[in-house]
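Colleague:
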Amino acid sequence: MNIFVCVKQVPDTETKIQPSADGTFIETSSIKWILNPYDEFAVEQALLIKQANSGATVTVVRVGGTKDTEALRTALAMGADEAILVEAEDNLDSYMIAKALKGAIEKSGKNPDLILTGKQAIDDDCLQVPQLLAAMMNLPSVSVIVGFEDGEKLTVKREVEGGAIEVYEVSKPAVIACNKGLNTPRYASLPGIMKAKRKPLATHSLADVGVTADDRRVVYSNFQLPPEKPPGKKFDAMDEGAQRGIVKEVIGLLRNEAKVI
Amino acid sequence: MNFDLSTEQKEIIDMAKKFVANEIIPVAQEFDEKGKFPREIFQKAWELGLINTSIPSEYGGAGFSNLDAVIITEALAYGCMGMNSSFMANDLALLPIVIGGSDEQKKKWLTPFTQEFKIAAFCLTEPNNGSDAAGIKTTIKDDGDHWVISGNKMWITNAGEADLYVVYGTVDPALKHKGISVCVVEKGAQGLEIGKKEDKMGHRASDTRGLTFNNVRVPKENMLGKPGDGWKIAMGTLDHSRPLVASSAVGGAQRALDESITYAKQRNQFGVPIAKHQAIQTIISDMAMKVEASRLLVQKAAVMADQGQRNTLVASYAKAFATDSCMQITTDAVQVYGGYGYSKEYPVEKLMRDAKLLQIYEGTSQIQRLVIAREVLS
Chain Z
1200 MNIFVCVKQV PDTETKIQPS ADGTFIETSS IKWILNPYDE FAVEQALLIK QANSGATVTV
1260 VRVGGTKDTE ALRTALAMGA DEAILVEAED NLDSYMIAKA LKGAIEKSGK NPDLILTGKQ
1320 AIDDDCLQVP QLLAAMMNLP SVSVIVGFED GEKLTVKREV EGGAIEVYEV SKPAVIACNK
1380 GLNTPRYASL PGIMKAKRKP LATHSLADVG VTADDRRVVY SNFQLPPEKP PGKKFDAMDE
1440 GAQRGIVKEV IGLLRNEAKV I
Chain C
7 MNFDLSTEQK EIIDMAKKFV ANEIIPVAQE FDEKGKFPRE IFQKAWELGL INTSIPSEYG
67 GAGFSNLDAV IITEALAYGC MGMNSSFMAN DLALLPIVIG GSDEQKKKWL TPFTQEFKIA
127 AFCLTEPNNG SDAAGIKTTI KDDGDHWVIS GNKMWITNAG EADLYVVYGT VDPALKHKGI
187 SVCVVEKGAQ GLEIGKKEDK MGHRASDTRG LTFNNVRVPK ENMLGKPGDG WKIAMGTLDH
247 SRPLVASSAV GGAQRALDES ITYAKQRNQF GVPIAKHQAI QTIISDMAMK VEASRLLVQK
307 AAVMADQGQR NTLVASYAKA FATDSCMQIT TDAVQVYGGY GYSKEYPVEK LMRDAKLLQI
367 YEGTSQIQRL VIAREVLS
């Protein structure tokens, strides 16, 4: 059984993001990278399936910059068997990433029985790659899943608005995008960290997996920090005579300016 | 000279930090308040390979360097210096076996610690002998094919929880340090009485008790080395464990610095965050300087040990400087927090209480200065 897990490397949530000097991307030189937290649920699910199926292999695939390979190393240290890295700039769009992932999976020579991903990456929050990948590979896809049962077919649960749960039966192979709540990702153990460096890591270029500059659908042109929030308004309600007027004014502001009531 | 850690070491730090953020920091206050022993957290840390860093790979350990051990200890102590005391006590107790045990003894007592979760206790200090370790009164008497141990031990970490006790005594008090010997006693030994749990100022999650040995009989093969080897084994143990205690001070101090920076940016006085006031800035700069200097001393002591150099002097520098700095930094953190810092609602008063013990155990700050003076004046 061949399980592929597509992962992304994203800036640590505590990183201070700055636009790059030319404004076409973010400044990446001083970023501490981590495995995208939603992808951890995908890696964990793959490892749980592997535990229940001897002979199953877990391959993690990532498209992105090579200066730091934190995401792949974390997944290997958690217990994945091998890794594939498609070397690329960090500013690819979702279409290019999905196409590169498809190319890398096909190039591995292994027929996927299951492809797992996180439901979204916490950096650009596009929520596109799992669906694009499924469409390109002509496979069924379910996203935001919080329950997973393996069998002849997959039974997956997804959360919809209002907290209701939808249950799907899906034929295999499929692309399944995982959400928080699906499982509790394990820590990479120290023996796992030591073993990770001896696990196979295949490296390809974008050209190797059939992606060219013509595949770009989105061109980033101008990254800016959001404008600083204006300071909050203060009202002096110590003067009892003025309180009635202040209440009216606040209600007016909440209704007309903040538009929350 | 190169101050970079390896990729694996950085990954180990990341993993340990994640573990500490998820499993220790959220509950540390509660364990401190209730004086609860963190057995489950201890076991989880063991499962991840963060405990017993001193066991060599030939006996099933991870084969960590001293540098690996200090960076792991720093990360754990960042979460709770008290819980880290319990964790570190395992290494303190196993090191005499690593240093003085025969191949057979190492297989018998070290390997099981790598196969299942077990706790150990290092029993040197007595009610009347702390810094004056050569004057311990516990006796180890020869009785044919057994040793018979009698005496009292005090301030023993993990005493009520341990599976294994490493006990120092003397085969002849007249011999002073040349009579000191060390035996391994297993849990449940007849005549081993476990005292009441001490109600301590800090490190309240660690289990500290007195122990009484009433003619505890152990087989002859339970002695590490030969009679009289105990002093050398104890000193060798402390050379290795001092950088660990010093690194737990770095962890506690880094925590106090981080908490102070966060608070100083949030707390407003005179219309601006207090971090904008120079009086607070100088406190925080001093903290940051001392954390960095402490860490460098600790890592130097560890690297020297890894290179096989005698590190007694630098280990004492590290132990005294890092623990004294930690006391100062945690006290200053309470100052930065002001009235809130004095309340148990906020994390810094616990740091200040926990820091104090680091200046006392495993060689007080004064003993470290004695060692330093001896070395530099010789």
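Those sequence lines, one after another, are chains Z and C.
Numbering follows my numbering, with no gaps: position 165 of the first sequence is 1364.
Numbering follows my numbering, with no gaps: position 52 of the second sequence is 58.
C-beta atoms are modelled at their ideal positions from N, C-alpha and C, and glycine is treated no differently.
Nothing here was measured: the structure is a model prediction, and the numbers come from that model.
Taking C-beta to C-beta, are Asn1 of chain C and Ser254 of chain C nearer than 7 Å?
Modeller: Since the displayed chain C opens at 7 and closes at 384, residue 1 of chain C lies outside it and no answer follows.
Colleague: Quick one: Cα of Ser349 of chain C to Cα of Glu355 of chain C, how far?
Modeller: 7 Å
Colleague: Would you call the segment 221-238 of chain C and the segment 290-302 of chain C in contact, with 3 or more CB pairs under 8 Å?
Modeller: no
Colleague: Do we get a CB-CB distance below 7 Å when we pair Phe25 of chain C with the residues of chain Z?
Modeller: Closer than 7 Å: yes.
Colleague: Might you give, ordered along the chain, the residues of its own chain that have their beta carbon closer than 7 Å to the beta carbon of Val1257 of chain Z, omitting 5 neighbours on each side?
Modeller: Ile1202, Val1204, Ala1245, Leu1246, Lys1249, Ala1279, Asp1280
Colleague: My assumption, with CB atoms under 8 Å, is that Leu263 of chain C sits in contact with Leu1389 of chain Z. Please give the rounded CB distance.
Modeller: Not confirmed; about 27 Å, so no contact.
Colleague: Could you tell me if Leu1453 of chain Z is buried or exposed, where buried requires 16 or more neighbouring beta carbons within 10 angstroms of its beta carbon?
Modeller: Leu1453 of chain Z should be labelled exposed.
Colleague: What's the call for Ala1412 of chain Z, buried or exposed, on a 16-neighbour Cβ count within 10 Å?
Modeller: exposed
Colleague: Heavy atom of the ligand FAD less than 6 Å from the Cβ of Gln260 of chain C, yes or no?
Modeller: Annotation note on the ligand FAD: not contained in the displayed structure, which lists no ligands.
Colleague: Got a sec: which bits of the segment 1380-1394 of chain Z sit with their beta carbon under 8 Å from any beta carbon on chain C, in order along the chain?
Modeller: Near chain C, meaning a CB-to-CB distance below 8 Å, the residues of the segment 1380-1394 of chain Z are Tyr1386, Ala1387, Ser1388, Leu1389, Pro1390, Ile1392, Met1393.
Colleague: Closest Cβ-Cβ distance between Leu54 of chain C and chain Z: below 7 Å?
Modeller: yes
Colleague: Report the rounded CA-to-CA distance for Asp1292 of chain Z versus Arg248 of chain C, giving the unit in angstroms.
Modeller: 52 Å
Colleague: Quick check: what's the CA-CA separation for Gly1302 of chain Z versus Val1408 of chain Z?
Modeller: 4 Å
Colleague: Pull up the distance between the alpha-carbon of Pro118 of chain C and that of Gln1319 of chain Z, whole angstroms please.
Modeller: 44 Å
Colleague: Report the option in Z:Ala1241, Z:Glu1213, Z:Ser1229, Z:Asp1221 whose CA atom is closest to the CA atom of Val1206 of chain Z.
Modeller: Z:Ala1241
Colleague: The segment 1261-1283 of chain Z: which residues have C-beta closer than 7 Å to a C-beta of chain C, in chain order?
Modeller: Arg1272, Ala1276
Colleague: Report the residue ranges of all beta strand (DSSP E) runs contained in full by the segment 175-216 of chain C; include only those spanning at least 3 residues, in chain order.
Modeller: 186-192, 198-203
Colleague: Could you pull the start and end residues of the beta strand (DSSP E) that Phe93 of chain C belongs to?
Modeller: It is not in any beta strand (DSSP E) - Phe93 of chain C instead sits in the alpha helix (DSSP H) that spans 87-106.
Colleague: Kindly confirm or deny that the segment 140-159 of chain C and the segment 101-118 of chain C touch, where touching means at least three C-beta pairs closer than 8 Å.
Modeller: Of all C-beta pairs linking the segment 140-159 of chain C to the segment 101-118 of chain C, fewer than three are shorter than 8 Å, placing the two stretches out of contact.
Colleague: Contact defined as beta carbons within less than 8 Å: I believe Lys124 of chain C pairs with Leu54 of chain C. What is the distance between those atoms, to the nearest angstrom?
Modeller: With 8 Å as the limit, Lys124 of chain C and Leu54 of chain C do not qualify as a contact, their Cβ atoms being about 16 Å apart.
Colleague: Quick one: is Glu17 of chain C near chain Z, going by C-beta distance under 7 Å?
Modeller: yes
Colleague: Which parts of the segment 304-347 of chain C are runs of the alpha helix (DSSP H), unbroken and 4 residues or longer, counting only runs that do not cross its ends?
Modeller: 318-343
Colleague: Might you give, ordered along the chain, the residues of its own chain that have their beta carbon closer than 8 Å to the beta carbon of Glu1368 of chain Z, omitting 5 neighbours on each side?
Modeller: Lys1352, Leu1353, Thr1354
Colleague: Please go through the same chain and pick out, in chain order, the residues whose beta-carbon is closer than 8 Å to the beta-carbon of Asp213 of chain C, but skip the five residues on each side of it.
Modeller: Phe43, Ser92, Thr163, Asn164, Ala165, Gly166, Glu167, Lys203
Colleague: Ordered along the chain, which non-local residues of its own chain (more than five positions away) have a Cβ less than 8 Å from that of Pro1339 of chain Z?
Modeller: Taken in chain order, the residues that qualify are Ala1333, Val1369, Ser1370, Ala1373, Val1374.
Colleague: By Cβ distance, which residues of its chain are closer than 7 Å to Val1225 of chain Z, with the 5 residues on each side in sequence left out?
Modeller: Residue identity check: residue 1225 of chain Z is Ile in the sequence provided, not Val. Contacts found: Ile1216, Gln1217, Pro1218, Ser1219, Phe1422.
Colleague: Find the residues of chain C that neighbour Lys1432 of chain Z, judging by a C-beta separation of less than 7 Å, and give them in chain order.
Modeller: The contacting residues do not exist; Lys1432 of chain Z stays about 16 Å from chain C at best.
Colleague: With Gly1263 of chain Z and Ala1287 of chain Z assumed to form a contact (beta carbons below 8 Å), what rounded beta-carbon distance in angstroms separates them?
Modeller: 6 Å
Colleague: Mind pulling the chain C residues with CB within less than 9 Å of Lys1396 of chain Z?
Modeller: Thr13, Glu14
Colleague: Answer with yes or no whether the minimum CB distance from Ala68 of chain C to chain Z is below 7 Å.
Modeller: yes
Colleague: Just to confirm the assignment, what range does the beta strand (DSSP E) spanning Met229 of chain C have?
Modeller: Where Met229 of chain C is concerned, there is no enclosing beta strand (DSSP E), given that its DSSP letter is neither H nor E.
Colleague: For Val1211 of chain Z, name the three-state secondary structure that DSSP assigns.
Modeller: The amino acid occupying residue 1211 of chain Z in the given sequence is Asp; Val does not appear at that position. The answer is coil: DSSP assigns Asp1211 of chain Z none of H, G, I, E or B.
Colleague: Start and end of the alpha helix (DSSP H) containing His283 of chain C?
Modeller: Per DSSP, His283 of chain C belongs to no alpha helix (DSSP H) and is neither H nor E.
Colleague: Ala1441 of chain Z to Gly1431 of chain Z, Cα distance in whole Å?
Modeller: 20 Å
Colleague: Could you confirm whether any beta carbon from chain Z is found closer than 7 Å to the beta carbon of Met21 of chain C?
Modeller: Closer than 7 Å to some Cβ of chain Z, the Cβ of Met21 of chain C qualifies, so yes.
Colleague: CB Val377 of chain C to CB Ser322 of chain C, shorter than 7 Å?
Modeller: With a cutoff of 7 Å on beta-carbon distance, Val377 of chain C and Ser322 of chain C are scored as near each other.
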